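Colleague: Sharing a structure with you now.
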Amino acid sequence: SAMGSYVEDIFRLLDGCEVACAPDATPEQRANVSRLRAEIDLDFLKEDIPNLMRESLEGITRVKKIVQDLKDFSHADTNLEWQWADLHKGIESTINIVASEVKYKADVVREFGTLPTIECLPTQLNQVFMNLLVNAAHAMGDARGTITIRTGTEGESVWLEFSDNGSGIPPEVQARIFDPFFTTKPIGKGTGLGLSLAYGIIQKHKGTITLDSAPGRGTTFRIVLPIAHIPSESE
8 SAMGSYVEDI
18 FRLLDGCEVA
28 CAPDATPEQR
38 ANVSRLRAEI
48 DLDFLKEDIP
58 NLMRESLEGI
68 TRVKKIVQDL
78 KDFSHADTNL
88 EWQWADLHKG
98 IESTINIVAS
108 EVKYKADVVR
118 EFGTLPTIEC
128 LPTQLNQVFM
138 NLLVNAAHAM
148 GDARGTITIR
158 TGTEGESVWL
168 EFSDNGSGIP
178 PEVQARIFDP
188 FFTTKPIGKG
198 TGLGLSLAYG
208 IIQKHKGTIT
218 LDSAPGRGTT
228 FRIVLPIAHI
238 PSESE
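Residues 8 to 242 in this note's numbering are what the sequence shown lists, from first letter to last.
Written out as structure tokens, the structure reads:
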């Protein structure tokens, strides 16, 4: 790497300085320091090393953010322990995780309201958000589109909407959109389980997920979730 090469050059100069500063140093050894300084272009190194350090720090910060987003996205709830969570934080983590799927297709617009923390299974809701975002991105045509995420609170529930201005969904497809294994993607390009799993996760939360769509008008998925977990009979 450039930094490694720079460090080697500086060490060579330091070694030359150490020899030149010895009491018994010869004129040739002292002159060698000036030659080394010019050879490694010390003035350039003094300018470029801080730039490299800054870029490295920015890179480390980006990696740290990605790792944190992955941790937030997949926060362990394998024991299905219900916990109070910030849905906006989950949405942001999910947006970052699917950035490569979305960024070339659409801009993501946030129209967040005020949400309380809700009692939920955060990892599973993040999976729902991911499926809706990726599907919305895939619904875009050749033109760059917009995905708008809205949130709000009504009584003892919160609501979330994922809207796109993509191609829309024909009525005959809407009737089957949450069916297991149903997909409009080419063979080998999808399992058809994304929205079916999302539907099951929302049902587990005693919530609802509905859609409003028409060809050429785009699609809006609306999720309503209770703020407090409502235990099922089996629980």
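Glycine included, C-beta positions come from ideal geometry on N, C-alpha and C. The structure presented is a predicted model; accordingly, all values stated were derived computationally and were not measured.
Could you tell me the distance, in whole angstroms, from the CA atom of Asp114 to the CA atom of Ala143?
Modeller: The residue given as residue 114 occupies position 107 in the sequence shown. The residue given as residue 143 occupies position 136 in the sequence shown. Looking at the two C-alpha atoms, the distance is approximately 11 Å.
Colleague: In this structure, does DSSP put Asp50 in helix, strand or coil?
Modeller: For the purposes of this step, residue 50 is taken as residue 43 along the sequence shown, with counting starting at 1. Helix at Asp50.
Colleague: Which runs of the beta strand (DSSP E), 3 residues or longer, sit entirely within the region 109–185?
Modeller: 113–118, 125–127, 152–161, 164–171, all fully within the region 109–185.
Colleague: Specify the secondary structure class of Pro34 as computed by DSSP and reduced to three states.
Modeller: As a first step, residue 34 is located in the sequence shown; it is residue number 27 there, counting from the start. Three-state result, Pro34: helix.
Colleague: DSSP three-state label for Pro57, please.
Modeller: The residue labelled residue 57 in the question sits at position 50 within the sequence shown. Helix at Pro57.
Colleague: Would you call Pro129 buried or exposed, if buried means 16 or more other Cβ atoms sit within 10 Å of its Cβ?
Modeller: Stepping through the sequence shown from its first residue, residue 129 is reached at position 122. Pro129 is buried by the Cβ-count criterion.
Colleague: Among all the DSSP beta bridges, which residues are the ones paired with Val231?
Modeller: Walking along the sequence shown from the start, residue 231 turns up at place 224. Partner(s): Trp166, Thr215.
Colleague: CB-CB under 8 Å to Tyr313, same chain, minus the five flanking residues each way: which ones, in chain order?
Modeller: The structure shown does not extend to residue 313, since the chain spans only 8 to 242, so no value can be given for it.
Colleague: Report buried or exposed for Asp171, applying the criterion of at least 16 other Cβ atoms within 10 angstroms of its Cβ.
Modeller: As a position in the sequence shown, residue 171 is number 164, starting the count at 1. The residue is buried, with at least 16 neighbouring Cβ atoms inside 10 Å.
Colleague: What does the alpha-carbon distance come out to for the pair Gly248 and Leu94?
Modeller: Look at the range of the chain in this structure, 8 to 242, and you will see that residue 248 is not part of it.
Colleague: Looking at the structure shown, is Gly223 part of a helix, part of a strand, or coil, going by DSSP?
Modeller: Against the sequence shown, residue 223 aligns to sequence position 216. Note: Gly223 maps to coil in three-state DSSP.
Colleague: So the candidates are Thr226, Met10, Ile98, Arg19; which of them puts its Cα closest to the Cα of Met60?
Modeller: Taking the sequence shown and counting its residues from 1, the one referred to as residue 60 is at position 53. Out of Thr226, Met10, Ile98, Arg19, Met10 has the C-alpha closest to the C-alpha of Met60.
Colleague: Answer with buried or exposed for Ser63, where buried requires no fewer than 16 other C-beta atoms within 10 angstroms of its C-beta.
Modeller: On the sequence shown, position 56 is the one that residue 63 refers to. It counts as exposed.
Colleague: Of the choices Arg183, Asn103, Ile125, whose alpha-carbon is the least far from that of Lys71?
Modeller: Within the sequence shown, numbered from 1, the residue matching residue 71 stands at position 64. The residue with the shortest Cα to Cα distance from Lys71 is Asn103.
Colleague: Any idea if Ala83 is buried or exposed, counting beta-carbon neighbours within 10 angstroms, 16 or more meaning buried?
Modeller: Counting from 1 along the sequence shown, the entry for residue 83 is found at position 76. Low confidence applies to Ala83: its pLDDT is 47, below 50, so where it sits in the model is not reliable enough to give any reading.
Colleague: Note down, in chain order, each residue of its chain lying with its Cβ closer than 8 Å to the Cβ of Ala32, except the 5 sequence neighbours on either side.
Modeller: For the purposes of this step, residue 32 is taken as the residue at position 25 of the sequence shown. Hits under 8 Å: Val26.
Colleague: Considering only residues of the same chain and omitting the five flanking positions on each side of Gly175, which have a CB-CB separation below 7 Å?
Modeller: Residue numbering aside, residue 175 sits at position 168 when the sequence shown is read from its first letter. Contacts found: Ser220, Ala221, Pro222, Gly223, Arg224, Gly225, Thr226.
Colleague: Terminal residues of the continuous beta strand (DSSP E) containing Ala92?
Modeller: As a position in the sequence shown, residue 92 is number 85, starting the count at 1. Looking at the DSSP string, the run of the beta strand (DSSP E) that includes Ala92 is 90–92.
Colleague: Verify whether the separation of the beta carbon atoms of Trp166 and Arg229 is less than 8 Å.
Modeller: Along the sequence shown, one-based indexing puts residue 166 at 159. Along the sequence shown, one-based indexing puts residue 229 at 222. Against a cut-off of 8 Å, the Cβ pair of Arg229 and Trp166 comes out as a contact.
Colleague: What residue does the alpha helix (DSSP H) around Ser8 start on, and which one ends it?
Modeller: In the sequence shown, the residue the question calls residue 8 occupies position 1. From DSSP, Ser8 is part of no alpha helix (DSSP H); its letter is neither H nor E.
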